[in-house]
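Here the protein sequences come in this chain order: A and B. Counting from 1 along the first sequence, just add 35 to a position and that's the residue number in this note's numbering. Counting from 1 along the second sequence, just add 35 to a position and that's the residue number in this note's numbering. Glycine included, each C-beta is placed from N, C-alpha and C at the ideal position. Structure first, commentary second.
2 protein chains.
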Amino acid sequence: MSRPTMEDVAREAGVSRALVSLVMRKAPNVSDARRQAVLDAAARLGYRPNVLARNLASQRTHTIGVVINDFHNPFFAEVLDGIQAGGAECGYRIILGDGCRSKTGEAEAIETLIDYRVDAMIVIGPRLAVDRIIRVARIIPVVTLGRAVRSKLVMSVNNNEGEGARLAVAHLIGLGHSDIAHIDGGAGAGASPRRAGYIRAMKAAGVGSLARVVRGDFTESSGADAAEQLLRSGRMPTAIFAANDQSAIGAYGALAAHGVTVPGDVSLIGYDNISAAASRHLSLTTIDQPRTVMGREALGLAVAAVEGVRAHEPHLRVEPTLVLRSTTGSPSPSGR
Amino acid sequence: MSRPTMEDVAREAGVSRALVSLVMRKAPNVSDARRQAVLDAAARLGYRPNVLARNLASQRTHTIGVVINDFHNPFFAEVLDGIQAGGAECGYRIILGDGCRSKTGEAEAIETLIDYRVDAMIVIGPRLAVDRIIRVARIIPVVTLGRAVRSKLVMSVNNNEGEGARLAVAHLIGLGHSDIAHIDGGAGAGASPRRAGYIRAMKAAGVGSLARVVRGDFTESSGADAAEQLLRSGRMPTAIFAANDQSAIGAYGALAAHGVTVPGDVSLIGYDNISAAASRHLSLTTIDQPRTVMGREALGLAVAAVEGVRAHEPHLRVEPTLVLRSTTGSPSPSGR
DNA sequence: GATGATAGTTAGAGCGCTCTATTCAGTCCA
DNA sequence: TGGACTGAATAGAGCGCTCTAACTATCATC
């Protein structure tokens, strides 16, 4: 019943265990004849190396641990695609840990992966405190994604949040808007640079005095609340830049409920380009982060660190792009 | 630099390596004095057991592998919540494999997990052929979720798809509809029992002759296409039951684009209750599967199998419920 | 005081692999 | 013919843990 071991293969092929090991590791110095004999024997017995034993003996796992804070967030799925693709390319396996949307869950997932002796770790959208992350980085290479960490020990991949915000604002300005409000992401990852980028872009366009930030927290309901707050404010902007698509969707719902049309009365732009944003009945204009690319880059950094190739620049930044859809347009000449 | 081993702890505590092992495994027959001494020594050295070595020696990993076909599908995230919760309860770790939305990806993920010697495996929404799954089940216990597998070797957890379809149709019938069309899920997992349930419920209500099924494939675009097909058919139904929320959302978009109001002109009901369905601006009536419960049950089955407790009923079925929202209503008296 | 029982502890042989050091079998050249 | 050299194969000591069997007290029992 129990699976065949290297010993069995060696016996079957009439060679030593060590030679089987060499063949399995694709070592060069093995004669073709023997190699084939071992391969045949292995196939005959249905042998598969025991990864546990291999990892224990070699002190390497060829595995990258990926901790995802929240599997509910579709944003991460695409990042994962990039990581998987990168891993397949350089012969690394990926194992996933679920952060369960909490700091403790995240910490536990990280511990589990360390216990599994992953060679390196990619932490996506971590909520964990920076010093905790740095502590992990002292044990194994760590790459964070979607959160800037100012540390030499930790590597990171981020989208240029400020530039994304600038793109959004510039797009609206280009359409003729000037009274543009921002629904922000509160203390969430990336919220603060997006907010800063918005302010900067407003100032650059000479409408800094019109800038206003309504508090949000990246959720749909906070977006709805923020929109209602704007409606009640007595001074409805002609355009809204939401810190992410989720809150934009919430705002959209609240506006519609009050008979405000988009983009007729108000233009709306989100951030992230989640799949729901592309949905036909919404068709939300938004800022896209090249998620797949980010995932791939993160994996590249991790592998490089494992293999001792110290990346010259451990903090990567990718550029966002504007995705034009149907929720933005010129401000209505009539005003509201 | 290298982490302390059991040997180090034993030396530090002045006991044998075996005793340290007993303490680490929380074995009962250890005197309190020694136990404390070992624990202290371990804490002093910052010792953490090497899971690799432990697994190798014990031939058990206390880990359940979970293969998720598609991380993009938010449906699975909640299932995962249930699995995680269940795992935490019975002291099992969860490790995830990404099926990458393809058969081969799924097969690879399964192989990887087997290599890691997970004690059992939960395969969520598998696309893999049944015989391939059965082959895996010969090696380790396998639980499928979201796909019925008629086999004694494979365990499964499913929602009562037929009943869900019945609930949807009965709801519409109750509102006064009789011309109810179904946008199905083609060959997707769960599509066929939902379709059958729809037909059965229509017949049961005495409107079997009005039943019609439009081909779909669980995607948003297929839902839109199906709705347009219905619009072109010349005989628009008063209600549509879509095989899942995604296709319902697609249909919604297409209907809106043609000026058809929901639920004014047509009532619309989905299936799955994905988070987007709850979104305020959509508020889709749908059928909910208790996903978290399903995940938990799947984990329970897996653990039971690992621990040798053969479940008396390896094929579990959970009951769906109707979630009433704003896309269904009485048919308009005017007709269209 | 010999005899078990029993609880607590330990020696030591694995688990299935890697990897260094070594042996072995051939060249090659003088 | 023999020594230096090279490529191929192997012996054997780990990797860090588990677990069985054996050992040592301790103590009640007859």
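Interface flag, residue i vs chain A, CB-CB below 8 angstroms
i: V86/B; result: yes
i: N280/B; result: At residue 280/B the sequence reads Asp, which differs from the Asn that was named. Closer than 8 angstroms: no.
i: S314/B; result: yes
i: L245/B; result: no
i: Y287/B; result: yes
i: R79/B; result: no
i: A259/B; result: yes
i: N308/B; result: no
i: N104/B; result: no
i: L180/B; result: no
Residue i burial status per 10 Å Cβ neighbour count (16 or more: buried)
i: P228/B; result: buried
i: A72/A; result: buried
i: V344/A; result: exposed
i: S302/A; result: buried
i: H347/A; result: exposed
i: V104/B; result: In the sequence under discussion, the amino acid at residue 104/B is Asn, which differs from the Val named in the question. N104/B is buried by the Cβ-count criterion.
i: Q94/A; result: exposed
i: N90/A; result: buried
i: R293/B; result: Sequence check: residue 293/B is His here, not Arg. H293/B comes out exposed.
i: R250/A; result: exposed
i: D260/A; result: buried
i: P63/A; result: exposed
Among the options, nearest to residue i - alpha-carbon criterion
i: A78/B; options: V178/B, N64/B, V58/B; result: V58/B
i: G132/B; options: A155/A, G335/A, T98/A, I169/A; result: T98/A
i: N279/A; options: G258/A, L266/A, S268/A; result: G258/A
i: A123/A; options: E143/B, P109/B, F110/B; result: E143/B
i: R167/A; options: V242/A, D154/A, L188/A, Y151/A; result: L188/A
i: G134/B; options: G100/A, L207/A, A120/A; result: A120/A
i: G126/B; options: E354/B, E342/B, P366/B, V358/B; result: E342/B
i: V328/A; options: E263/A, H212/A, F111/A; result: F111/A
i: T147/B; options: F106/B, V102/B, N108/B, V178/B; result: V102/B
i: I130/B; options: P325/B, M156/B, E113/B; result: M156/B
i: I145/A; options: G100/A, R128/A, G241/A; result: G100/A
i: P325/B; options: R136/B, S191/B, L266/B, D307/B; result: D307/B
i: L207/B; options: D43/B, V44/B, T320/B, P84/B; result: T320/B
i: A68/A; options: R60/A, R83/A, G49/A; result: G49/A
i: G335/A; options: G117/A, L359/A, S282/A, R136/A; result: G117/A
Same chain, Cβ closer than 8 angstroms to residue i, five either side skipped, listed in chain order
i: K138/A; result: R162, L163, A164
i: G364/A; result: L210, P298, G299, S302
i: L202/A; result: I322, P355, T356, L357
i: L74/A; result: V58
i: A291/B; result: V297
i: S51/B; result: A45
Residue i CB to nearest heavy atom of the ligand GDP below 7 angstroms
i: H217/A; result: This structure simply doesn't include the ligand GDP, nor any ligand for that matter.
Residue i at chain B interface by Cβ criterion, 8 angstroms
i: E372/A; result: What the structure shows of chain A is the stretch from 36 to 371, and residue 372/A is not part of that stretch, so it cannot be assessed.
i: L303/A; result: no
i: E255/A; result: yes
i: Q71/A; result: no
i: H107/A; result: yes
i: T362/A; result: no
i: Q119/A; result: yes
i: C125/A; result: no
i: A291/A; result: yes
i: R128/A; result: yes
i: R83/A; result: yes
i: T147/A; result: yes
i: T40/A; result: no
Cβ-based neighbour list, residue i, same chain, cut-off 6 angstroms, excluding 5 preceding and 5 following
i: I234/B; result: A246
i: N193/B; result: A183, R352
i: S186/B; result: I169
i: G243/B; result: M237
i: G225/B; result: E196
i: A262/B; result: A286, A289, L290
i: A313/A; result: none
Chain-order list of residues whose beta-carbon lies under 7 angstroms from that of residue i (same chain, five-residue window excluded)
i: S56/A; result: M41
i: G81/A; result: P39
i: P109/A; result: I309, S310
Extract the residue ranges of the alpha helix (DSSP H) inside the stretch 259-345 of chain A, only unbroken runs of 4 or more that lie entirely within it.
280-292, 310-313, 326-341
Counting only runs of 3+ residues fully inside the stretch 74-109 of chain A, write out the beta strand (DSSP E) ranges in chain order.
98-103
Whole alpha helix (DSSP H) runs in the stretch 192-239 of chain A with 4 or more residues, listed along the chain?
196-210, 226-239
Any alpha helix (DSSP H) of 4 or more consecutive residues that is wholly inside the stretch 114-163 of chain A:
138-150
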